[in-house]
Amino acid sequence: MNEIYVVGGRFRGNMFRKLEEWQSCKEARIIQLDPTTKTSRSCVEYVSPPHVCPEELPAILFKSATLRGNKLYACTSTEILVYEVPSFCQASYISLPCFNDLHHVYPSAEGTLLAAVTGLDMVVEITMEGKVLREWSVLGEDPWVRFSREIDYRRVPTTKPHRSHPNHVFQLQDEIWVTRLQQRDAISLTRPGRRIEIAVQRPHDGYVFGDSIYFTTVDGHIVIADRKRLQIKKVYDLNQMGSSGQILGWCRGLLPLDENRLWVGFTRVRPTRFQENLAWIANQAQRHRPSHIALYDLGRGACLEEIEMEPHGIGIVFTLFQIQPRPGASGCQAPRDGEIAGEFDAFGRWDTAR
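As C-alpha cells, then:
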C-alpha cells in the first residue's frame, strides 16, 4: 500500500489584497494521494466554528499532526481534533482559550496530549478532556509573563513577531522535547539544559525514527541527530538534489520509506510583512516553486519524484503519513473479539509483534 496522506489547508484566493499567513487558508484538508496515478480523494474537509476563530479572514488549516495506532491527532490554529483512521470519523475535540497558532499536537507516552502553542511561545500538556496539567514557556520564563489568562487568544488574529516560535513536540522515552525556530535548536522541557543545536538553518519538524531524530529546516535541509548523544550525525541539502534552481518552498512534513528514501513536503513561499521569516531566501527575485511533495534518495543525493499539491486542493503542506487498515476493522468501530493484535509503527505499517 503506497498511498500517502497529506495534511494541510486550501489557499484562500484574494485578488484585491495580499493575505498574511494567518489569513491564508479557508479550509483544513486531509487527502489520500496515489503517487503512481497522481490521483487523490478527499478524506477530511473542515472549517472551524466562528466562536473559536478571529472575526476577519481566519486561517483555517490543519497544522502538524501525529499518527498513533489507529488515531490521527490533528490541530488547527485553535483546536485539537482526533480522527479514527482509516475512516476519518472524528473521535475527540478540544479547544481552549490559550490556543493561538497551534503548530503541533502529540499524544504523550502517559496518555495525555502535548500541544505546541506557537502564538504564546509555549507548550501545554492537557488531558483528553481538555484539562491543563502543565505549561512550559519555551524560553524558560513564566509562561504568562507576556500574556494574560483573561484573554481568549483563539480570537486574536496573531501575536507575531514570536520570540521563539516552537514548532514540533516529540519525546525521548518520557522526556519532552520541542523544536524552536528562532533559536535554531531543539530543547528538553523536562530536563532543562539538554539541547540539540541545528545551526544550518531554522528547524520545523522533529521526528524520532529508530536511533535517530530527523529534523527539517525551513530552507530544505534534512538534519539527522543521534538520539542518545544529542549530536548531529548528517546534514542533507535538498536544494542540491534537483535541477530546477528554484526556491523549493517552506520545508515541513517528512515521511521516511526506508533508510535512504523519504517524502518531504514544501509549501509555496508567499509575501509577508515579517520579512525576517524569509531571510533564508538569498535571492528574493528567484522563482518560487508551487506547493508540492517530493521523494528523495539521500544515499544517491537525488530527487526521484515530485507531485504538485495545489491541483489536489492542498496549498499549505504540514504533515505526510501512511496508514494501513487494521485487519478486520472498518468504519468507526471499536476493536472486535478475534481481531489480530498489533499496532501501527512510526512508518504507518501494521506490526503484529508489538
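Just so we're aligned: the sequence shown equals residues 0 to 353 in numbering that gives the first Met the number 0. Where a beta carbon is used, it is the ideal one built from N, C-alpha and C, also for glycine.
Does the beta-carbon of residue 275 have 16 or more other beta-carbons within 10 angstroms, so that it is buried, or is it exposed?
In this predicted model, residue 275 has a pLDDT of only 49, less than 50, meaning its place in the structure is not dependable enough to derive any value.
Rounded to whole angstroms, how far is the Cβ of residue 167 from the Cβ of residue 203, which I believe are closer than 8 Å?
Correct: roughly 6 Å between the Cβ atoms.
Grab the span of the beta strand (DSSP E) containing residue 235 for me, first residue to last.
Unbroken beta strand (DSSP E) run through residue 235: 230–236.
Test item: CB-CB of residue 177 and residue 122 under 8 Å
Taking 8 Å as the cut-off, the Cβ atoms of residue 177 and residue 122 count as close.
Give me the residue from 304, 206, 73 with the minimum Cα distance to residue 93.
For residue 93, the nearest C-alpha among the options comes from 73.
From the DSSP output, which residues share a beta bridge with residue 250?
Answer by DSSP bridge pairing, in chain order: 265.
Does DSSP put residue 239 in a helix, in a strand, or in coil?
Three-state result, residue 239: helix.
Beta-carbon proximity list for residue 181, same chain, < 8 Å, skipping 5 on both sides
When the five nearest sequence neighbours on each side are left out, the beta carbons in the same chain lying within less than 8 Å of the beta carbon of residue 181 are those of 161, 162, 163, 164, 201, in order along the chain.
For residue 100 and residue 369, the rounded distance between their alpha carbons:
Within the shown structure, residues of the chain are numbered from 0 to 353, placing residue 369 beyond reach of any answer.
Go ahead and pull the three-state DSSP assignment for residue 32.
In the structure shown, residue 32 falls within a strand segment according to DSSP collapsed to helix, strand and coil.
Using the three-state DSSP reduction, which class does residue 220 fall into: helix, strand or coil?
Look at residue 220 here: in three-state DSSP terms it is strand.
Three or more C-beta pairs under 8 Å: does that hold for the segment 118–136 against the segment 29–48?
Flag = no, the segment 118–136 and the segment 29–48 do not touch.
Could you tell me whether the Cβ of residue 254 comes closer than 8 Å to any Cβ of chain D?
The structure shown contains no chain D; it is built from a single protein chain.
Beta-carbon proximity list for residue 372, same chain, < 8 Å, skipping 5 on both sides:
With the chain represented from 0 up to 353, any question about residue 372 goes unanswered, as that position is not in the structure.
Between which residues of its own chain and residue 43 is the CB-CB distance below 6 Å, once the five residues before and five after are set aside?
Answer for residue 43: 29, 87, listed in chain order.
Are residue 91 and residue 58 close, meaning C-beta to C-beta below 8 Å?
With respect to residue 58, residue 91 sits apart: the two C-beta atoms are not nearer than 8 Å.
Ordered along the chain, which non-local residues of its own chain (more than five positions away) have a Cβ less than 6 Å from that of residue 241?
So the list reads 302, once near-sequence residues are dropped.
With a CB to CB cut of under 8 Å and the five nearest residues on each side skipped, what residues in its chain are close to residue 237?
Closer than 8 Å at Cβ, skipping near neighbours: 219, 220, 221, 247, 250, 263, 293, 295, 302.
Taking the alpha-carbon positions, what's the residue 192 to residue 39 distance?
If you draw a straight line from the Cα of residue 192 to the Cα of residue 39, it comes to about 45 Å.
If we count the other Cβ atoms within 10 Å of its Cβ and call it buried at 16 or more, is residue 108 buried or exposed?
Classification for residue 108: exposed.
Identity of the residue in 104, 268, 89, 48 nearest residue 206 by Cα:
The shortest C-alpha separation from residue 206 is found at 104.
Spatial distance of residue 354 from residue 156 (CA atoms)
Residue 354 cannot be examined here, being either before or after the span of the chain that is shown, 0 to 353.
If you compare alpha carbons, which of 304, 7, 96 is closest to residue 148?
The candidate whose alpha carbon is nearest that of residue 148 is 96.
In terms of DSSP beta bridges, what is residue 41 paired with?
30, per the DSSP bridge assignment.
Alpha carbon of residue 1 to alpha carbon of residue 145, nearest angstrom
Approximately 46 Å between the Cα atoms of the pair.
Assuming residue 105 is part of the beta strand (DSSP E), what are its boundary residues?
It spans 101–106 - the beta strand (DSSP E) in which residue 105 sits, taken as one unbroken run.
Rounded to a whole number of angstroms, what is the C-alpha to C-alpha distance between residue 8 and residue 189?
The C-alpha of residue 189 is placed about 32 Å away from the C-alpha of residue 8.
Would you kindly work out how many angstroms separate the C-alpha atoms of residue 306 and residue 265, rounded to a whole number?
If I take the Cα positions, the gap works out to 10 Å.
Pick from 52, 290, 304: whose alpha carbon is nearest that of residue 5?
Cα-wise, what sits closest to residue 5 is 290.
To the nearest angstrom, how far is it from the Cα of residue 75 to the Cα of residue 67?
Spanning the two alpha carbons is a distance of roughly 18 Å.
Could you tell me whether the Cβ atoms of residue 199 and residue 216 are closer together than 8 Å?
Yes, these two residues count as a Cβ contact at 8 Å.
Residue 254 and residue 208 closer than 8 Å at C-beta
No, these two residues do not count as a Cβ contact at 8 Å.
Status (buried if at least 16 other CB within 10 Å, exposed otherwise) for residue 179
With 16 or more other Cβ atoms within 10 Å, it is buried.
What's the call for residue 311, buried or exposed, on a 16-neighbour Cβ count within 10 Å?
With 16 or more other Cβ atoms within 10 Å, it is buried.
Per the DSSP calculation, residue 127 is bridged to which residue(s)?
The partner list for residue 127 (beta bridge, DSSP) is empty, contrary to what the question assumes.
Terminal residues of the continuous beta strand (DSSP E) containing residue 154?
Element bounds for residue 154: n/a, residue is neither H nor E.
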